[in-house]
Amino acid sequence: MNNDKRNNELIVLSMSIGMGIGTTVGLLINNLALGIVLGSSIGFAIGMIRGNKKK
1 MNNDKRNNEL
11 IVLSMSIGMG
21 IGTTVGLLIN
31 NLALGIVLGS
41 SIGFAIGMIR
51 GNKKK
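In full-length UniProt numbering, the protein residues as written are 1 to 55.
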């Protein structure tokens with residue numbers, strides 16, 4: 001159970017980092033919403049991959 005909690009924290013952390021990157025990208029391409037969606041999905045994917053590797 002403790003491992004799952006750590007996994008969730010990693011996913012959330014990666015998502016927020018991804019959102020930050022996505023916001024920057026969104027400002028560059030003049031489409032903020034698209035940038036945030038892309039960033040959070042990339043962050044979520046990274047979090048899932050990193051979380052699964054830790055097991």
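We treat Cβ as the ideally placed atom computed from N, Cα and C, and that holds for glycine.
Report yes if the C-beta distance between residue i and residue j is below 8 Å; otherwise report no.
i: GLY18; j: ILE46; result: yes
i: ILE29; j: GLY35; result: yes
i: SER14; j: PHE44; result: yes
State the Cα-Cα distance for the pair residue i and residue j, rounded to the nearest angstrom.
i: ASN31; j: THR24; result: 10 Å
i: ARG6; j: ILE49; result: 13 Å
i: ALA33; j: VAL12; result: 19 Å
i: GLY39; j: LEU27; result: 12 Å
Would you mind sorting residue i into buried or exposed? The rule is 16 or more other CB atoms within 10 Å of its CB.
i: LEU10; result: buried
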